[in-house]
Each structure stands twice: as C-alpha cells, then as structure tokens.
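Residue numbering for the sequence shown follows my numbering, beginning at 7 and increasing consecutively.
Each residue gets a CB set at the ideal place from its N, CA and C atoms; glycine is no exception.
First the structure, in the form of structure tokens, and then the observations on it.
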Amino acid sequence: MKIVVVCGAGASSTFVAVKLRSAARERGAIIEVQPGSASQLESLAGVDVVLVGAHLESAVPAIRERAAATGTAVAVLPPVSPAALDGERALDLALDAKAAAL
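Here you go:
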C-alpha cells in the first residue's frame, strides 16, 4: 500500500511519515510512505491513500476531487501536533480510509 502524507510545507508530513513507517514495521505491514506538501500533489497514480494535515482541511474537497480520478482514498489527520501524533493511529486511519474506499 502506498500512502502520501501532505501538510502545508512538507515538514510536518515528514514527522508523520516516520511514525507511520515505524508502526507498519511493528505490525509487519508492507507500506510505502511519501511525505510532501499539498502543492506537490500532482499525480496520484499508484497512491492508495492521501493523509491530509488537519490544518489543510479547507483543501480537502479539491484533493478528494483529484483523488477520485485514481480511486485514491483521502483522510484528514487529527488536529494534534505531528510530534504528538501516534503512528498507530495514523496507520489505522489510512487502513480504514482504504477499506472504506473499496
């Protein structure tokens, strides 16, 4: 499964991506996580889930519209600081979003 984590400038998404990778390793899940900024969302081909930082909630409708073309699920991360976000919680959010999109 491929997950893209987006935030405003890309720094917060890097924290979340590291925690997601760690949680996936602990579970034995095979995932690829790519951090980035919302402005970098060009092609979503091959992406299963986009996790969007809570501070970008106003951009979610446009991201969902773009994601619909490739069947990519979109979920908004909880409004906590990236450093406080639990990787398990973020991974569950991504897995739930993917399951709901099927």
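8 Å contact criterion, which residue i and residue j should meet: CB distance rounded
{"i": "Ala-107", "j": "Ala-79", "result": "4 Å"}
Span of the alpha helix (DSSP H), counted from its first residue to its last, around residue i
{"i": "Ile-37", "result": "Where Ile-37 is concerned, there is no enclosing alpha helix (DSSP H), given that its DSSP letter is neither H nor E."}
{"i": "Val-53", "result": "Careful: Val-53 lies outside any alpha helix (DSSP H) and carries neither H nor E."}
{"i": "Ala-74", "result": "66 to 74"}
{"i": "Ala-139", "result": "Limits of the chain in this structure are 7 at one end and 108 at the other, which puts residue 139 out of reach."}
{"i": "Ala-100", "result": "93 to 107"}
Opening and closing residue of the beta strand (DSSP E) in which residue i lies
{"i": "Val-86", "result": "Looking at the DSSP string, Val-86 is not in any beta strand (DSSP E), and its letter there is neither H nor E."}
{"i": "Ala-44", "result": "First-last for Ala-44: undefined, no H or E at that position."}
With 16 other Cβ atoms within 10 Å as the buried cut-off, status of residue i
{"i": "Gly-59", "result": "buried"}
{"i": "Asp-102", "result": "exposed"}
Distance CB(residue i)-CB(residue j) smaller than 8 Å
{"i": "Gly-14", "j": "Leu-57", "result": "no"}
- Message: For the structure I just gave you, are there three or more beta carbon pairs, one from the segment 20 to 38 and one from the segment 85 to 105, closer than 8 Å?
- Response: yes
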